[in-house]
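K.L.:
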Amino acid sequence: MFECALIQGELFRKLIASVQDLVQDGNFMCDANGISLQGMDSSHVALVALALKKEGFVEYRCDRDVTLGINFANLAKMLKCMGAKDRLSIRAQDEGDSASFVFESEDSSRVSNFELKLMQIDQEQLGVPETQYKAVIRMPSSEFQRICKDLSAIGDTVSISVTKEAVKFSVGGDIGSGDMSLRQSESGDVDGDDSEKVMIELEEPVQQNFALRYLNNFTKATALSKTVTLSLGTDMPLVTEYKMDNLGSIRYYLAPKIDE
Amino acid sequence: PCAQVTLTNYFVVT
Numbered sequence: 001m002f003e004c005a006l007i008q009g010e011l012f013r014k015l016i017a018s019v020q021d022l023v024q025d026g027n028f029m030c031d032a033n034g035i036s037l038q039g040m041d042s043s044h045v046a047l048v049a050l051a052l053k054k055e056g057f058v059e060y061r062c063d064r065d066v067t068l069g070i071n072f073a074n075l076a077k078m079l080k081c082m083g084a085k086d087r088l089s090i091r092a093q094d095e096g097d098s099a100s101f102v103f104e105s106e107d108s109s110r111v112s113n114f115e116l117k118l119m120q121i122d123q124e125q126l127g128v129p130e131t132q133y134k135a136v137i138r139m140p141s142s143e144f145q146r147i148c149k150d151l152s153a154i155g156d157t158v159s160i161s162v163t164k165e166a167v168k169f170s171v172g173g174d175i176g177s178g179d180m181s182l183r184q185s186e187s188g189d190v191d192g193d194d195s196e197k198v199m200i201e202l203e204e205p206v207q208q209n210f211a212l213r214y215l216n217n218f219t220k221a222t223a224l225s226k227t228v229t230l231s232l233g234t235d236m237p238l239v240t241e242y243k244m245d246n247l248g249s250i251r252y253y254l255a256p257k258i259d260e
Numbered sequence: 261p262c263a264q265v266t267l268t269n270y271f272v273v274t
């Protein structure tokens, strides 16, 4: 038997919205420690990896490891029926062919029950090696979203270059070119919210090219976290990570574009 | 002119 509950069901809906444009369906792997999911887009350029810790749930019980094969568009249809402040419970039998989703309003005056049919999904899993990245940038997620959206109107590829002082996003297209640089926030700046700052950890300057179409896709997760972390290396996939307080994180890996 | 590579160039299918 698998059972879990989230006080803020809305978070789960946002998570599914952050995944469903990239991958159509996937396996939720549930074990005693939490829930994980991995899926690649159809062209094998981007990968999304979700890791939810049991500590983030108000209730969590997993007697035996279960795999829930889920079509995200179908699940999203059901989650649409959930109120913004509803509590969400998910339940599945060990060998069942469906999972139940229960939405309950704050005052328990409204309870909604949905049964989602599960799928058998034979999916390739990718082993992501532990890597020491040359540059790690933490910045406000809304700022990253805006940059990706605005630059994609000009070109389809962004060059991200990182130095100790700043991270620069450059774009070029038929109409011309441009760049936007974000300077590392002053370390002595004790005022203001940490989540508003741009922090750069650098081992070595890095520059790589990425398709803006995918980055824009990743920014669907902006609603999940005030900050985003970009990890870059030389000739390796970019990691875009959104951390949700104690619930876990959603990570997107994107293969670079390489000069021919 | 940049060419898009795939993730399988970096990660191993398990």
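Going down the list, the protein sequences come from chains A and B.
At position 66 of the first sequence (counting the first as 1) the number is 66 in this note's numbering, and the numbers step up by one without a gap.
Take the position in the second sequence, starting the count at 1, then add 260; the result is the number in this note's numbering.
Here a beta-carbon is modelled for each residue, glycine too, at the ideal position from N, C-alpha and C.
Name the residue from A:Lys-77, A:Val-102 and A:Leu-22 whose alpha carbon lies nearest to the alpha carbon of Leu-88 (chain A).
P.N.:
Selected option, being the one with the closest Cα: A:Val-102.
K.L.:
For Asn-246 (chain A), which of A:Ser-105, A:Lys-54 and A:Pro-140 has the nearest alpha-carbon?
P.N.:
The shortest C-alpha separation from Asn-246 (chain A) is found at A:Lys-54.
K.L.:
Taking DSSP's pairing of strands, which residues face Thr-163 (chain A) in a bridge?
P.N.:
Per DSSP, none; premise fails for Thr-163 (chain A).
K.L.:
Taking 8 Å as the CB-CB limit, is Met-29 (chain A) close to chain B?
P.N.:
Cβ-Cβ to chain B under 8 Å: no for Met-29 (chain A).
K.L.:
Should Arg-183 (chain A) be labelled buried (16 or more other beta-carbon atoms within 10 Å of its own) or exposed?
P.N.:
With fewer than 16 Cβ atoms within 10 Å of its Cβ, Arg-183 (chain A) is classed as exposed.
K.L.:
Lys-77 (chain A) lies in the alpha helix (DSSP H); which residues open and close that run?
P.N.:
That run of the alpha helix (DSSP H) goes 72–79.
K.L.:
Should Pro-129 (chain A) be labelled buried (16 or more other beta-carbon atoms within 10 Å of its own) or exposed?
P.N.:
Exposed, because fewer than 16 other Cβ atoms sit within 10 Å of the Cβ of Pro-129 (chain A).
K.L.:
With distances taken from CA atoms, which of A:Glu-165, A:Ser-181, A:Thr-163 and A:Lys-164 is nearest Val-171 (chain A)?
P.N.:
The candidate whose alpha carbon is nearest that of Val-171 (chain A) is A:Ser-181.
K.L.:
I need the straight-line Cα distance from Leu-79 (chain A) to Arg-13 (chain A), nearest angstrom please.
P.N.:
Answer to the nearest angstrom: the Cα atoms are 6 Å apart.
K.L.:
Beta-carbon within less than 8 Å of Gly-176 (chain A)'s beta-carbon, same chain only, minus the 5 sequence neighbours each way: which residues are those?
P.N.:
The answer, listed in chain order, is Ile-154.
K.L.:
Name the residue from A:Ser-112, A:Ile-147 and A:Phe-28 whose alpha carbon lies nearest to the alpha carbon of Cys-62 (chain A).
P.N.:
Ranking the options by Cα distance to Cys-62 (chain A), first place goes to A:Phe-28.
K.L.:
By DSSP, does Gly-9 (chain A) sit in helix, in strand, or in coil?
P.N.:
If DSSP states are grouped into helix, strand and coil, Gly-9 (chain A) belongs with the helices.
K.L.:
With H, G and I counted as helix, E and B as strand and the rest as coil, what does DSSP make of Asn-269 (chain B)?
P.N.:
Correct three-state label for Asn-269 (chain B): helix.
K.L.:
Check whether the Cβ atoms of Leu-151 (chain A) and Tyr-214 (chain A) sit closer than 8 Å, and answer yes or no.
P.N.:
Cβ distance not < 8 Å, so Leu-151 (chain A) and Tyr-214 (chain A) don't count as in contact.
K.L.:
With H, G and I counted as helix, E and B as strand and the rest as coil, what does DSSP make of Ile-154 (chain A)?
P.N.:
Ile-154 (chain A) falls in the coil class under three-state DSSP.
K.L.:
Can you name the residues of chain B whose CB is closer than 9 Å to the CB of Asp-122 (chain A)?
P.N.:
Ordered by position in chain B, no residue passes the 9 Å Cβ test against Asp-122 (chain A), which lies about 13 Å from the chain.
K.L.:
Could you give the distance in angstroms between the alpha-carbon of Ala-51 (chain A) and the alpha-carbon of Gly-233 (chain A)?
P.N.:
When rounded, the distance between both Cα atoms is 23 Å.
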